[in-house]
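Participant:
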Amino acid sequence: MGWNPFKKSSYTAVTNTFNSAVNTVNNAVVAPTTNVINTVIRETPKAINVAGQQITDGAGNLTGQAEQFARNSINSVHGIGVSAAGQAKIGYTRHGMWSAKVADAALGDIDAGSKLAIRAMEQGARAGVYGVARGGELMAEWVQANYCQIGVSIALGTVFAALLYRPEPSSQATTVAATAPLSATAIMYLAAKETVGAVALGAACDLTAAAFVELIWMAPDVRKAIGESNKQILTFAIAFSLAKSFDVAAGAMIVPQSCAAVVAGIVTTMVAQLACEQTLPNGAREWATMGASGL
Amino acid sequence: MSSVLHEVINSGQPWAAERAQYALQIAEALQNGQVSQDEARALLEDLINTEKLESAGADLQLRAALVFGVTQVLSMC
Chain A
11 MGWNPFKKSS YTAVTNTFNS AVNTVNNAVV APTTNVINTV IRETPKAINV AGQQITDGAG
71 NLTGQAEQFA RNSINSVHGI GVSAAGQAKI GYTRHGMWSA KVADAALGDI DAGSKLAIRA
131 MEQGARAGVY GVARGGELMA EWVQANYCQI GVSIALGTVF AALLYRPEPS SQATTVAATA
191 PLSATAIMYL AAKETVGAVA LGAACDLTAA AFVELIWMAP DVRKAIGESN KQILTFAIAF
251 SLAKSFDVAA GAMIVPQSCA AVVAGIVTTM VAQLACEQTL PNGAREWATM GASGL
Chain B
7 MSSVLHEVIN SGQPWAAERA QYALQIAEAL QNGQVSQDEA RALLEDLINT EKLESAGADL
67 QLRAALVFGV TQVLSMC
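Read top to bottom, the protein sequences are chains A and B.
Here the working numbering is used: the first residue of the first sequence is 11, the next is one more, and so on.
Here the working numbering is used: the first residue of the second sequence is 7, the next is one more, and so on.
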């Protein structure tokens, strides 16, 4: 094999141990551990009934009603009022996603995610944004504000089009993997809000945010616009927005397809905010030091 | 848990398959107590470090499968 992480100098001591495992790797089975997310998943109650709809069956699997429950949650997010400027950003995001040929079925969910990101900046105890030093460089076509919003959305739409609402089973499996921490936490939250502690909620949001940021870092223009120095604070801003959205949008996060699209909307809006306006929600700074416990 | 990574291994794309294999190895090593959670996390994060993926294949779906499959393993750390 050409590239081996175990050859990193700091881990040479364990390299020999792993070499013997190469031939058995395909049989590896990952057992549950004591981490907080797996704990959430393991302790998720079965046959959950929320507002008269059974969203999981006796085995803990999502039911047919879960899809409708998620749809209702997304519709309620559409009803949230935001500023005219915020509404315009939602429109830019949608236009960019449509231009990038993201599946039509995903666009409404992305709108909802975009609105949740705007809400995280405009409403609540930590409403407002703060200035962030520019960490990168905008491509020339993005210098004008409206083009920047659309340009970022097109660039990220190209990435998300390969993931969202795709018919291929392999793509659906990827979506399930992408949203597993958040979906499990959302189900637990809906079942018994008080049992989801700040640590578990924060871990799910941090993990999801980090994975999506790593994914979008594949878009060269976006990476260049944000800059390596602002990658971490962008991740915090997305994690904060996800956590802040739970009170109104947990239902939208229980179904992998809609969850991934909502997260994509949050991610895109937050990336555009940072790239085009050099600001992020106030809550992102607090998240950096306190995580979800600061909410 | 590992179904996405197994799909990546079977993709026929060496740049992705190798990383997916190592991710499963790390998961197994973590399970067996051969590495600490911090060590496993560092190794896994390195596997999906975009800078190192940059020169690899351009298949976005495969990249997404790798990133999110490894992230699932990361959730154990």
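Beta carbons are placed, not taken as given, at the ideal position from N, Cα and C, and that holds for glycine.
#1: Under 9 Å, do L244 of chain A and V273 of chain A count as touching if we go by C-beta distance?
#2: Taking the runs of the alpha helix (DSSP H) that are 4 residues or longer, which of them lie wholly in the stretch 98 to 143 of chain A?
#3: When Cβ atoms are compared, which residues of the stretch 167 to 191 of chain A fall closer than 7 Å to chain B?
#4: For the stretch 232 to 242 of chain A and the stretch 96 to 110 of chain A, state whether three or more C-beta atom pairs, one from each stretch, are separated by less than 8 Å.
#5: Among A:D257, A:A187, A:T279 and A:T205, which has the Cα closest to the Cα of Q267 of chain A?
#6: When you compare each of A:K254, A:C286 and A:G301 to A137 of chain A by their alpha carbons, which one comes out closest?
#7: Under 8 Å, CB to CB, which of the residues in the stretch 270 to 298 of chain A have a partner in chain B?
#8: Relative to the alpha-carbon of G145 of chain A, which residue among A:G237, A:A213 and A:L252 has its alpha-carbon at the smallest distance?
#9: In angstroms, rounded to a whole number, what distance separates the CA positions of G62 of chain A and H88 of chain A?
#10: Check for me: the beta strand (DSSP E) holding L290 of chain A runs from which residue to which?
#11: Assign L148 of chain A to one of three DSSP states: helix, strand, or coil.
#12: Per DSSP, what kind of secondary structure is L305 of chain A in: helix, strand or coil?
#13: Compute the beta-carbon to beta-carbon distance between I264 of chain A and A80 of chain A, rounded to the nearest angstrom, for a pair I have assumed lies under 8 Å.
#14: Please report the distance separating the alpha-carbon of A194 of chain A from that of Q182 of chain A.
#15: Would a check of beta-carbon distances place L72 of chain A closer than 9 Å to chain E?
#16: Note down, in chain order, every chain A residue with its Cβ under 8 Å from the Cβ of R69 of chain B.
#17: Quick check: is the beta carbon of Q19 of chain B nearer than 9 Å to any beta carbon in chain A?
#18: Comparing alpha-carbon positions, which option in A:R104, A:A95, A:G123 and A:D257 lies nearest K203 of chain A?
#19: Could you work out which residues of chain B lie near L200 of chain A, taking near to mean beta carbons separated by less than 9 Å?
#20: Could you check whether L36 of chain B and I15 of chain B sit closer than 9 Å to each other, using their CB atoms as the reference points?
#21: For L68 of chain B, report the span of its alpha helix (DSSP H) as first-last.
#22: Locate the alpha helix (DSSP H) running through Y175 of chain A, then write down its first and last residues.
#23: Helix, strand or coil for V60 of chain A? Go by DSSP, reduced to three states.
#24: I'd like to check one pair, I276 of chain A with S124 of chain A: are the Cβ atoms closer than 9 Å?
#25: Have a look at the DSSP bridge pairing and note the partners of T66 of chain A.
#26: Going along chain A, which residues have a C-beta under 9 Å from S42 of chain B?
#27: Any Cβ of chain B within less than 9 Å of the Cβ of L244 of chain A?
#28: Counting only runs that start and end within the stretch 262 to 300 of chain A, where is the alpha helix (DSSP H) found for 4 or more residues in a row?
Facilitator: Per the coordinate set shown:
#1: Translated into the one-based positions of the first sequence, residue 244 of chain A becomes position 234. Translated into the one-based positions of the first sequence, residue 273 of chain A becomes position 263. In this structure, V273 of chain A does not lie closer than 9 Å to L244 of chain A by Cβ.
#2: 114 to 132
#3: Cβ contacts with chain B come from V169, A172, L173, S180, S181, A183, T184, A187, A188, A190 and P191.
#4: no
#5: The residue labelled residue 267 of chain A in the question sits at position 257 within the first sequence. The candidate whose alpha carbon is nearest that of Q267 of chain A is A:A187.
#6: As a working mapping, residue 137 of chain A is identified with position 127 in the first sequence. The option with the nearest alpha carbon to A137 of chain A is A:K254.
#7: Against chain B - using a Cβ distance shorter than 8 Å - the stretch 270 to 298 of chain A contributes no residues.
#8: Here residue 145 of chain A corresponds to residue number 135 of the first sequence, with the count starting at 1. Nearest option by C-alpha distance: A:G237.
#9: As a first step, residue 62 of chain A must be located in the first sequence, where it is residue number 52. As a first step, residue 88 of chain A must be located in the first sequence, where it is residue number 78. For G62 of chain A and H88 of chain A, the distance between alpha carbons rounds to 22 Å.
#10: The residue you call residue 290 of chain A lines up with position 280 of the first sequence. Residues T289 to P291.
#11: For this step, residue 148 of chain A is matched to residue 138 along the first sequence. In the structure shown, L148 of chain A sits in coil (DSSP, three-state: anything other than H, G, I, E or B).
#12: Looking up residue 305 of chain A in the first sequence gives position 295. DSSP places L305 of chain A in coil when its eight states are reduced to three.
#13: In the first sequence, the residue the question calls residue 264 of chain A occupies position 254. In the first sequence, the residue the question calls residue 80 of chain A occupies position 70. Sure, about 6 Å apart at Cβ, within 8 Å.
#14: Against the first sequence, residue 194 of chain A aligns to sequence position 184. Against the first sequence, residue 182 of chain A aligns to sequence position 172. If you draw a straight line from the Cα of A194 of chain A to the Cα of Q182 of chain A, it comes to about 17 Å.
#15: You won't find chain E in this structure, because its protein chains are A and B.
#16: In the second sequence, the residue the question calls residue 69 of chain B occupies position 63. Within 8 Å of the CB of R69 of chain B, the CB atoms of chain A belong to L225 and M228, in sequence order along the chain.
#17: Start at 1 with the first residue of the second sequence, and residue 19 of chain B comes out as number 13. So, not an interface residue.
#18: Reading the first sequence from its first residue, position 193 is the one you call residue 203 of chain A. Ranking A:R104, A:A95, A:G123 and A:D257 by Cα distance to K203 of chain A puts A:D257 first.
#19: Within the first sequence, residue 200 of chain A is the residue found at index 190, counting from 1. Neighbours of L200 of chain A on chain B: none; closest Cβ ~20 Å, over 9 Å.
#20: Along the second sequence, read from residue 1 onward, the residue named residue 15 of chain B stands at position 9. Along the second sequence, read from residue 1 onward, the residue named residue 36 of chain B stands at position 30. Against a cut-off of 9 Å, the Cβ pair of L36 of chain B and I15 of chain B comes out as no contact.
#21: Residue mapping note: residue 68 of chain B aligns to position 62 of the second sequence, counting from 1. First-last of the alpha helix (DSSP H) with L68 of chain B: L66 to L80.
#22: The residue you call residue 175 of chain A lines up with position 165 of the first sequence. No alpha helix (DSSP H) contains Y175 of chain A, which DSSP labels as neither H nor E.
#23: Here residue 60 of chain A refers to the residue found at position 50 of the first sequence. Strand, per DSSP.
#24: Mapped onto the first sequence, residue 124 of chain A falls at position 114. Mapped onto the first sequence, residue 276 of chain A falls at position 266. Against a cut-off of 9 Å, the Cβ pair of I276 of chain A and S124 of chain A comes out as a contact.
#25: Your numbering for residue 66 of chain A matches position 56 in the first sequence. The partner list for T66 of chain A (beta bridge, DSSP) reads A:L72.
#26: For the purposes of this step, residue 42 of chain B is taken as residue 36 along the second sequence, with counting starting at 1. By Cβ distance, chain A contributes nothing, its closest Cβ being about 10 Å from S42 of chain B, past 9 Å.
#27: Counting from 1 along the first sequence, the entry for residue 244 of chain A is found at position 234. It does not; no Cβ of chain B falls within 9 Å.
#28: 266 to 282 and 292 to 300
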